[in-house]
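A.B. asks: Protein chains in written order, with the working numbering: chain A, 7 to 617; chain B, 277 to 890.
Ideal placement from N, C-alpha and C gives every residue a C-beta, glycine not left out.
#1: Hey, is the region 344-359 of chain A in contact with the region 154-162 of chain A, meaning 3+ C-beta pairs nearer than 8 Å?
#2: Quick check: what's the CA-CA separation for residue 485 of chain A versus residue 471 of chain A?
#3: Along the region 355-374 of chain B, what residues have a CB closer than 9 Å to any CB found in chain A?
#4: Tell me the rounded alpha-carbon separation between residue 289 of chain A and residue 324 of chain A.
#5: So which residues on chain D does residue 560 of chain A lean against when the C-beta distance must stay under 7 Å?
#6: Counting pairs of Cβ atoms below 8 Å between the region 821-836 of chain B and the region 647-666 of chain B, do you hit three or more?
#7: Rounded to a whole number of angstroms, what is the C-alpha to C-alpha distance between residue 438 of chain B and residue 614 of chain B?
#8: Taking the continuous alpha helix (DSSP H) assigned at residue 800 of chain B, which residues delimit it?
#9: What does the alpha-carbon distance come out to for the pair residue 383 of chain B and residue 151 of chain A?
#10: Please work out which residues of its chain come closer than 7 Å, Cβ to Cβ, to residue 459 of chain B, disregarding the five sequence neighbours upstream and downstream, and give them in chain order.
#11: Does the beta carbon of residue 347 of chain B sit closer than 8 Å to a beta carbon anywhere in chain A?
#12: Could you round the C-beta distance between residue 500 of chain B and residue 545 of chain B to whole angstroms and report it? I think they count as a contact, below 8 Å.
#13: Do the region 243-257 of chain A and the region 722-741 of chain B meet, that is, are 3 or more Cβ pairs less than 8 Å apart?
#14: Sort A/543, A/590, A/600, A/589 by Cα distance to residue 884 of chain B and report the nearest one.
#15: Chain A beta carbons: is any one of them nearer than 8 Å to that of residue 776 of chain B?
#16: Using the beta-carbon count (16 or more within 10 Å), is residue 606 of chain A buried or exposed?
#17: Assuming contact is defined by CB atoms lying nearer than 8 Å, are residue 584 of chain A and residue 604 of chain A in contact in what I supplied?
#18: With a cut-off of 8 Å, does the C-beta of residue 336 of chain A fall near any C-beta of chain B?
#19: Report all residues from its chain with a CB closer than 7 Å to the CB of residue 308 of chain B; omit the five preceding and five following residues, and keep chain order.
#20: For residue 116 of chain A, I'd like the list of residues in its chain whose CB is within less than 8 Å of its CB, leaving aside the five on either flank, ordered along the chain.
#21: Which of the residues in the region 347-368 of chain A, read from start to end, lie with their CB under 8 Å from any CB of chain B?
#22: Using a Cβ-Cβ distance cut-off of 8 Å, determine whether residue 602 of chain A contacts chain B.
#23: For residue 337 of chain A, which residues in the same chain have their Cβ closer than 6 Å to its Cβ, ignoring the five residues on either side in sequence?
#24: State whether the region 140-151 of chain A contacts the region 159-177 of chain A, with contact taken as three or more CB pairs (one from each stretch) at a distance under 8 Å.
#25: Nearest by alpha-carbon distance to residue 386 of chain B: which of A/142, A/378, A/280, A/42 is it?
#26: Nearest chain B C-beta to residue 88 of chain A closer than 8 Å, yes or no?
#27: Could you compute how far the alpha carbon of residue 264 of chain B sits from the alpha carbon of residue 517 of chain B?
#28: Give the DSSP bridge partners of residue 673 of chain B, in chain order.
#29: Using a Cβ cut-off of 8 Å (strictly closer), state whether residue 605 of chain A contacts chain B.
#30: So which residues on chain A does residue 474 of chain B lean against when the C-beta distance must stay under 7 Å?
#31: Let me check understanding here. Comparing Cα to Cα, which of B/616, B/410, B/698, B/702 lies closest to residue 722 of chain B?
#32: Taking only three categories from DSSP, how would you classify residue 604 of chain A?
#33: Of all the options B/744, B/580, B/324, B/594, which has the alpha carbon lying nearest to the alpha carbon of residue 83 of chain A?
#34: I need the DSSP call for residue 377 of chain A, collapsed to helix, strand or coil.
#35: List the whole-angstrom C-beta distance separating residue 556 of chain B from residue 114 of chain A, where the pair is believed to meet the contact cut-off of C-beta under 8 Å.
#36: Can you check which of these residues, B/657, B/602, B/519, is closest to residue 629 of chain B by C-alpha distance?
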């Protein structure tokens, strides 16, 4: 047998960032704890399944005993004219066959239930946890890896639970029961069987260690493949337009090859284990036969007992291959579970409060007051930074935030929407720290519309009603009308019921922004944040939105980030940001009259309108 | 004929609906398997072909190894009836030695078989995946509009794993076990034909049951795999739309939608388990019954002296050795069926029509005629019959070296029109000529090297800033990169990135703001100094100052090239020499900005928001 794993693995240089290595740390023992916690709720059912399997095993293993009985007792009895023992053998076998069938059926179904419930639980945990983790996390973790965690990694646990559980219980049971039967039939034969377990145990340990490494590598490799695959399919237009196909083929081939190698390595480890364990098993069988035959020849053992012992010996090592399969799926699942445990160990950057506070009920308008109190912010990854600042936005005020790209406007908005928590200080809504609000309260309070208007699979109406799931069709249409989206929606093949996936690529960026706007309107929040929410609209579209905002924003608190100052004209107050600082603050008309940055910005914008 | 058509079954991928309209159990009405498992699996042949020698050798070895295990009982029989009965210790030693030799040979053969196929099987899986990836990259954009990437991804991962597992086990072992069972029966019949016949009786019911099972299992297996694909799509969307999910505090309803889908998958899997349990029960119990019958009859025969005890031991030992091959047929059939549906799903994507190549290989005209649209109409291939075409007879001429702005209302088809130039979509009728040459007759490769694009949505790939920009040029180095970054006014922020142009961006790198990405996408479009440039609203995310600077630099670039620029606002229009107004699928007017402001009410309305009322 050649040893191919001695060849150098052509893994790319390992980056130091756990995100890049796709190797998020988890507490030691977290993998095992995760598996236990998945199975713990089904403890009773696992025990029942094991008992059923025990029964099935007993029914199956009774066969050779009946053979021994038939040869040693029934044959002489029959010769003596006593048909009882033969009938007993017949009935016994009938019973065993029926029992093994019924128990087999019960076990497969019972095991599938445990298995599927555990998987459902695990899938749900991954998904819910991922949803709780911050935007920041997802930007680094990527959708491809998350897909890999919740598909291929869960799949390897499925294999373990579906086949593995049965294999393991079956293997242990038959090892124990057959060894006992052998010891009972003849201690010498039994002793050989027990001794053979020592080298087998060594083999298993060796295999586990080596396969563990291979599977961890394989799981990382397939995640790399998935990330590349997903990225290409999601960016198919630029891929085509810039003729990236061949370059992509090459890059993909490298990732695919890495997976292929580790895949092959895993199969080879298995081959090695099979040879080793078979050698031990077959040597032991020969040894047992030698011992047994010798004893019969010497007249100290009955022939029927030897026959039974030989039949059992063959069976004793039958499960070895299946044990290999189990170890195989166990290692593969362990590698996957480790990755899942690493994901689940990630603390949400924006944790849900444990001591929720209520927002005070407001009289008057729907708006609420916003206060930034000594707020400072730095991204974990470096990049844009907000130095400490204070800001108060009274209820009902419409504030425009302007400034160059990268001035910190979006960060300000994300702090207010609690996509991030500030590094220092607090953000308060009507005097309540955002961190003390429950998610439903927070989202009734603050809603943000961003420039990237993503549409989910589903109909247009469903996409709008994300803002308020219980909204009626009339309310949805009303929101769409208010923002000027009704016209284009009714022009779609199925109106509001048009599936966006069917025409997903064909709802233009501007139209998507209108849908996103309608979604926000429907949510009816106290504070509305618009982050470049109209950038892809044409002038009439923007005007329509502005007209709508006059009514929509009435009484509401609003923070508008916009490059296009036309959107800013509705504002009561303008903040000019530069390198993370608020450098100008005032009413638009006052600022325009001055000589500051806003005045020059405004002039530049007026110039851009000249036609 | 692809069977899974996401466009035809909107219910399938729609998780919002599953939550918000009464959690109806999904019923992806998968048609019953109309093709036999074997025929579907035969499609794998081209991939298996290169490794056929190894696979075949492995199968032969497996058969030999299995036959060896059938020989072992014969040695036992010889041992029992010969040396043991005669009390010959030397014969006992010899028998044990034979057993040991047979055992060692068997072990080595087992390992050798696995070693033979390990690398080739991994290679088959990898090759199929690479082919799928390569193919999907080249399928029409319309295909990608219809297929959620999660469905494609699940075909490229979980489905291919099922195929590999099929090649590793059922393919070999259905054959091996078949041969083993056959050889075993020959041995059994040779030892005692009447007892052998008793053991043959269960074959008929087993075949019937397996057949029944296979058909029903196939349907459920297919449903399950499609549901995995939907789940993948949902996970992917939940990340891509994470800002919306968070922004509206919808992670609970997302989780609910996920739970509903995962619950359906659980239901399907349980249905699968029910079928499996039934077949396993039958396959376990029926042979056992036959063995029991043989035992009773054999005992009677031994008692009557018609049969030697050694023969009965060997006979039963052989019969029991056959139990595993028989039992295994159940799950091997299941694995084969899983693999068959996986194969079917794989080829659904692979069978999609690639864009037909209509290139005639005519030599390029040297004339410089710019871009000409002649009676171009376009409707999406999957659009309903009664829907009006998106573009309905577009005639337009962009003179060489000219920059033409394309203006039109939201959803008027501007983006669609730009996509026709590099043939991301094909014009339904009419022609588009680049310098007098019909693009439909050009090789796409060549066409796309002539035309460079900046999309409305700037997509960056997981690569460095430099690599992302240089994607736009065949052979370009640092000077071109700097120039392009300069044009897009991106050099400033790029130099402030941690590693400058070597900084990793895209899904796996630093996330940049919309404006920054847009500028990099613009740099990518201009880096190769393309002959034709198509820009789709390239400055929408820029602030006024940056926009002004980009425009100034862009003017230099536009001077050297023929360009079509989709514009939403006057500032972008100012880049252009002339403006075309797209309205109701046609070019309604062409002229300078000033001319159109005066002559076209619609244009004036689009540019100023005043005048024409809706």
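C.D. replies: Answer, in terms of the structure:
#1: Short answer: they touch.
#2: The alpha-carbon separation between residue 485 of chain A and residue 471 of chain A amounts to approximately 10 Å.
#3: Residues 355, 356, 359, 360, 361, 362, 363, 364, 365, 367, 368, 369, 371, 372, 373, 374.
#4: Each residue's alpha carbon lies about 14 Å from the other.
#5: This model lacks chain D altogether, as its protein chains are A and B.
#6: Cβ pair count under 8 Å is below three, so no.
#7: The straight-line gap from Cα to Cα measures roughly 7 Å.
#8: In the DSSP assignment, residue 800 of chain B falls within the unbroken alpha helix (DSSP H) covering 790-802.
#9: Near 40 Å, if we compare the C-alpha coordinates of residue 151 of chain A and residue 383 of chain B.
#10: So the qualifying residues of the chain are 343, 346.
#11: So, not an interface residue.
#12: With a Cβ gap of about 6 Å, residue 500 of chain B and residue 545 of chain B count as contacting.
#13: Taking 8 Å as the limit for Cβ pairs, the verdict is that the region 722-741 of chain B does touch the region 243-257 of chain A.
#14: The shortest C-alpha separation from residue 884 of chain B is found at A/543.
#15: Taking Cβ atoms only, chain A never reaches closer than 8 Å to residue 776 of chain B, which makes this a no.
#16: Answer is exposed; the Cβ neighbour count stays below 16.
#17: It is not a contact, given that the beta carbons lie outside the stated cut-off.
#18: Not closer than 8 Å to any Cβ of chain B, the Cβ of residue 336 of chain A fails to qualify, so no.
#19: With a pLDDT of only 39 at residue 308 of chain B, under the threshold of 50, the placement of this residue in the model should not be trusted; the figure read from the coordinates follows. Short of 7 Å from the beta carbon of residue 308 of chain B, and not among the five residues preceding or following it, lie these beta carbons of its own chain, in chain order: 495.
#20: 51, 54, 55, 58, listed in sequence order.
#21: Within the region 347-368 of chain A, no residue qualifies.
#22: Cβ-Cβ to chain B under 8 Å: no for residue 602 of chain A.
#23: The residues 217, 218, 221, in chain order, have a CB closer than 6 Å to that of residue 337 of chain A in the same chain once the five nearest residues on each side in sequence are set aside.
#24: The way I'd put it, the region 140-151 of chain A doesn't touch the region 159-177 of chain A; fewer than three beta-carbon pairs between them come closer than 8 Å.
#25: Each of A/142, A/378, A/280, A/42 was checked against the Cα of residue 386 of chain B, and the nearest Cα belongs to A/280.
#26: Residue 88 of chain A is outside the set of residues whose beta carbon lies under 8 Å from a beta carbon in chain B.
#27: Any question about residue 264 of chain B goes unanswered here, given that chain B covers just 277 to 890.
#28: Residue pairing from DSSP places residue 673 of chain B in a beta bridge opposite B/648.
#29: Using a Cβ-Cβ cut-off of 8 Å, residue 605 of chain A does not count as an interface residue toward chain B, since no Cβ of chain B sits closer than that to its own.
#30: The premise fails here: residue 474 of chain B is roughly 12 Å from chain A at the closest Cβ pair, so nothing lies under 7 Å.
#31: From the listed residues B/616, B/410, B/698, B/702, the smallest Cα separation to residue 722 of chain B is found for B/698.
#32: In the structure shown, residue 604 of chain A sits in a helix (DSSP, three-state: H, G or I).
#33: Of the listed residues, the one whose Cα sits closest to residue 83 of chain A is B/580.
#34: Of the three classes helix, strand and coil, the one that applies to residue 377 of chain A here is strand, per DSSP.
#35: Rounded, the Cβ-Cβ distance is 6 Å, consistent with contact.
#36: Put simply, of B/657, B/602, B/519 the residue whose alpha carbon is nearest the alpha carbon of residue 629 of chain B is B/657.
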